[in-house]
Amino acid sequence: MSACRFALAAGLLLTSGCATQTKPVAHPAPNLGQAMTEAELAFWDTSILVDGSNLPAGSGSSAQGLIVYKQKCAACHGATGAETDTRLTPLIGGMGSLATAQPVRTLGSYWPHATIVFDYIRRAMPYNAPKSLSNDEAYALTAYLLRANGIIDEALIVDRTTLPAVKMPNQNGFVMAPEHAK
Amino acid sequence: MSGDKTDAADEPEQVAGNGLLHRRLFLTQGLTLAGALGVAGQASAQTALPKRPDWMTRQGAGLSGYGQPSKFEEGVKRLTGQPNPLFPSVGSTRTPLEKLNGMITPNGLHFERHHSSVPDINPDAHRLLIHGLVRKPLAWDMSALARYPMTSVIRFIECSGNSGAAKRNVPQTSVGQIHGLVSCSEWTGIKLSHLLDETGLADGASWIIAEGAEASSMVRSIPLETALDDVIVALYQNGERIRPEQGYPMRLLVPGCEGSVNVKWVHRIKVVSEPGDSRDETGQYTDLMADGRALKYTLLMDVKSLITHPSVSMKLAQPGVYEVSGLAWSGHGAIRRVEVTADGGKSWADAELSGPVLPKCLTRFRIPWSWTGGPATLASRAIDDRGNVQPTHEVAIARYGEIGAYHYNGIQPWAVAQTGEVANVRM
């Protein structure tokens, strides 16, 4: 879509879609956005899409992950991640429970993509030092948690190629809200 | 219910059972109402002359740099839950709806929901980046954004988990404790469509992914159609810069959509072809149904209302005329009508909508009610301008099943006992 056509489309949306807007935007744009260097963009762009694109270099195994888990995760999530007395949702288990009266929604039983396990660990964990893990550590932890949930084999080295190919038990369990379905 | 006629008879006309009076009765009959209902003014038993209070005879406090509520209002606080002691900054506080009136939430009482904690952001070191499927990735600092045309709208924000306790249980706490994950502010900022117009869009652009700058970097996906419609990069809340716990120095306002997509502390927007399905839009904030499947991206908050005055845990002092009032809202549009019952749903009457009545905004409703002293069950039912009707508890439960904790909007009844005590009940 050309910039010109986009501006026209946006204008139509503004006039037809918003009851409180009394007139379309006519204010001249200040155009103060600043360009970014490729390196800057690459630093900030940590979004991992559902096809696994933008996963970083690095790798890890479940055995390596268990070591990191004990050091950096077990204090809050329990010795293995399956514990139910931690005041946190267990990280492991719940398979087959979603259609029961007591569903257990773990990353293994509920989350639809393996890639989002890596994404969430890398940007939000550990709670007391988010974004402190190396990519290797985040991949290794992902491998440990997937292995502990019985989703991958012990031998799998998790990296940007193998992780998107992992089949999650509930990958077909989510339905787009009707208003956004194509 | 009856028509708009209001006879100036001895007994005010009831418009629905168990004492509901015409919504304009307070305005048309004013002070004669109390007498007509037999609630006579009580003669003063004092015989001595009254004494002037101290504040009329001596000077009080001076000027101040930032005004605060009266010390007599110090009990008006956000309502805290029971946070996990390991992570005390994670969780929510609720707006004390039972202690407020009107439609605007004071900034210090806007509900909080934090997924990690409140960052202490220096605005001079904060930028907003837009990249991905755009023609030109761009970044704006605060001084640049300050020069863009701004728009102001009054809109509610509601956490999708609001009222979840009322879905599963019948808690006897307070209306704020049960339903206070909703607040309403005037938000001022820059339409996101202005900034996307500047970056341009590339082929395939159909969603945006917004990321916050807090420790856990909250991530939510929003349809591009919504982003181009009425989404604002908000800088001001009720006239002042957004409070830190609401996203200082900037947050997304996504009108009518569940709270967590109104990404606080927003610092990066990536335009993409498919939603991100991140942890907080799959592992959380999805609606698990009885068959084990879950709905994702149920972003719009449905039509809802509740009576705040009187409400659970209050006590009516004595029979007589009361104003029943509450709040109604819909993520689909404006509230068109709120009906109130005092007889547990046998009959309903229209409440007065206290203007302004705005789309995707809290709307205050009011109706006079003559309480005889007998048992009564009060409830409200809202209808929006798209024709959506607030469902009963049973219908609301049937929609998403009993498991999910989100998007509950069933009718909320309160029972008034002969003692005047108000309790939460099912109707």
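Chains as they are written, first to last, in this note's numbering: chain P, 1 to 182; chain D, 1001 to 1427.
Backbone N, C-alpha and C define an ideal beta-carbon position, used for all residues, glycine too.
Below 7 Å on C-beta distance, what does residue i contact in chain P?
{"i": "D:N1084", "result": "R87"}
{"i": "D:T1282", "result": "W111, P112, I116 and F174"}
{"i": "D:A964", "result": "As displayed, chain D neither begins before 1001 nor continues past 1427, which places residue 964 of chain D out of reach and without an answer."}
{"i": "D:Y1297", "result": "M176, A177 and H180"}
{"i": "D:T1363", "result": "What D:T1363 touches in chain P: nothing, since even the nearest Cβ is about 14 Å away."}
{"i": "D:T1286", "result": "F174"}
{"i": "D:E1198", "result": "A29, N31 and G33"}
Tell me, please, whether the CB atom of residue i is closer than 9 Å to any CB atom in chain P?
{"i": "D:K1136", "result": "yes"}
{"i": "D:G1041", "result": "Note that D:G1041 has pLDDT 48, beneath the 50 cutoff, so the model's placement of it is unreliable and the number below is only indicative. Not one chain P Cβ lies under 9 Å of D:G1041."}
{"i": "D:D1291", "result": "yes"}
{"i": "D:T1372", "result": "no"}
{"i": "D:Y1148", "result": "yes"}
{"i": "D:R1052", "result": "no"}
{"i": "D:N1409", "result": "no"}
{"i": "D:S1116", "result": "yes"}
{"i": "D:A1294", "result": "yes"}
{"i": "D:K1264", "result": "no"}
{"i": "D:L1025", "result": "no"}
From what residue to what residue does the alpha helix (DSSP H) around residue i run?
{"i": "P:L41", "result": "E38 to W44"}
{"i": "P:A63", "result": "S62 to K72"}
{"i": "P:I116", "result": "T115 to A124"}
Since residue i sits in a beta bridge, which residues does DSSP pair it with?
{"i": "D:Y1236", "result": "D:T1188 and D:R1241"}
{"i": "D:T1080", "result": "D:T1093"}
{"i": "D:C1257", "result": "D:L1300"}
{"i": "D:S1354", "result": "D:R1364"}
{"i": "D:P1223", "result": "D:W1207"}
{"i": "D:S1183", "result": "D:I1157"}
{"i": "D:A1213", "result": "Beta-bridge pairing links D:A1213 to no other residue."}
{"i": "D:L1381", "result": "The question names Leu, yet the displayed sequence has Arg at residue 1381 of chain D. Answer is D:E1339, bridged to D:R1381."}
{"i": "D:W1369", "result": "D:L1020 and D:Y1322"}
{"i": "D:R1113", "result": "D:S1092"}
Output the boundary residues of the beta strand (DSSP E) element that contains residue i.
{"i": "D:I1104", "result": "Premise fails: D:I1104 is in no beta strand (DSSP E) and is neither H nor E."}
{"i": "D:Q1014", "result": "Q1014 to A1016"}
{"i": "D:S1325", "result": "G1320 to W1329"}
{"i": "D:V1170", "result": "Where D:V1170 is concerned, there is no enclosing beta strand (DSSP E), given that its DSSP letter is neither H nor E."}
{"i": "D:R1336", "result": "I1335 to T1341"}
{"i": "D:L1128", "result": "R1127 to G1132"}
{"i": "D:N1424", "result": "V1422 to N1424"}
{"i": "D:H1267", "result": "V1266 to V1272"}
{"i": "D:D1141", "result": "L1138 to D1141"}
Would you say residue i faces chain D, with C-beta separation under 9 Å as the test?
{"i": "P:R160", "result": "no"}
{"i": "P:D119", "result": "yes"}
{"i": "P:D136", "result": "no"}
{"i": "P:Q34", "result": "yes"}
{"i": "P:E179", "result": "yes"}
{"i": "P:Y139", "result": "no"}
{"i": "P:P164", "result": "no"}
{"i": "P:P103", "result": "yes"}
{"i": "P:A19", "result": "At P:A19, the pLDDT of 47 sits below 50, so the modelled position is not reliable; the number obtained from the coordinates is stated separately. So yes, P:A19 belongs to the interface."}
{"i": "P:R147", "result": "no"}
{"i": "P:A124", "result": "yes"}
{"i": "P:S47", "result": "yes"}
{"i": "P:Y69", "result": "no"}
{"i": "P:K167", "result": "no"}
{"i": "P:T127", "result": "The residue asked about is misnamed: residue 127 of chain P is Tyr in this sequence, not Thr. Yes, because at least one Cβ of chain D sits closer than 9 Å to the Cβ of P:Y127."}
Closer than 8 Å by beta-carbon distance: list the chain D residues that pair up with residue i, in chain order.
{"i": "P:A42", "result": "Within chain D, no residue comes near P:A42; the closest Cβ sits about 10 Å away, beyond 8 Å."}
Taking 9 Å as the CB-CB limit, is residue i close to chain B?
{"i": "D:S1278", "result": "Among the protein chains of the structure shown, namely P and D, there is no chain B."}
At a CB-CB cut-off below 9 Å, which residues of chain D make contact with residue i?
{"i": "P:C76", "result": "L1086 and F1087"}
{"i": "P:V50", "result": "E1274, P1275, G1276 and D1277"}
Interface residues of chain P around residue i at Cβ under 8 Å?
{"i": "D:E1112", "result": "Within 8 Å Cβ-Cβ: nothing; D:E1112 doesn't reach chain P, min ~18 Å."}
Determine the chain P residues that contact residue i at a beta-carbon separation under 9 Å, and present them in chain order.
{"i": "D:W1140", "result": "L32, G33 and Q34"}
If the cut is a Cβ gap below 7 Å, which residues of chain D does residue i touch?
{"i": "P:L98", "result": "L1288 and G1292"}
So does the region 1201-1212 of chain D actually touch the region 1222-1232 of chain D, counting three or more Cβ pairs closer than 8 Å?
yes
Say whether the region 1180-1193 of chain D touches the region 1231-1251 of chain D, bearing in mind that this needs 3 or more beta-carbon pairs closer than 8 Å, one atom from each stretch.
yes
For the pair the region 123-141 of chain P and the region 70-81 of chain P, tell me if three or more CB-CB distances fall below 8 Å.
yes
Any contact of the region 1291-1310 of chain D with the region 1323-1340 of chain D, i.e. 3+ C-beta pairs under 8 Å?
yes
Please determine if the region 43-50 of chain P and the region 110-125 of chain P are in contact, where contact requires at least 3 C-beta pairs separated by less than 8 Å.
A contact exists between the region 43-50 of chain P and the region 110-125 of chain P.
At least 3 beta-carbon pairs within less than 8 Å: the region 1081-1092 of chain D vs the region 1343-1362 of chain D:
no
Quick one: any contact between the region 145-165 of chain P and the region 90-99 of chain P, if contact means 3 or more CB pairs under 8 Å?
At 8 Å Cβ cutoff, the stretches touch.
When you compare the region 1151-1165 of chain D with the region 33-44 of chain P, are there three or more beta-carbon pairs, one atom per stretch, that lie closer than 8 Å?
no
Taking 8 Å as the threshold, find out whether the region 1267-1279 of chain D comes into contact with the region 1357-1376 of chain D through three or more Cβ pairs.
Per the Cβ contact rule, the region 1267-1279 of chain D is not in contact with the region 1357-1376 of chain D (fewer than 3 Cβ pairs under 8 Å).
Assess contact between the region 157-172 of chain P and the region 134-141 of chain P, defined as three or more Cβ pairs (one per stretch) separated by less than 8 Å. Is contact present?
A contact exists between the region 157-172 of chain P and the region 134-141 of chain P.
Is there contact here, the region 1286-1295 of chain D with the region 1392-1411 of chain D, by at least three beta-carbon pairs under 8 Å?
yes
Would you call the region 1090-1108 of chain D and the region 1167-1179 of chain D in contact, with 3 or more CB pairs under 8 Å?
yes
Three-pair Cβ contact test at 8 Å for the region 1407-1423 of chain D versus the region 1369-1383 of chain D
yes
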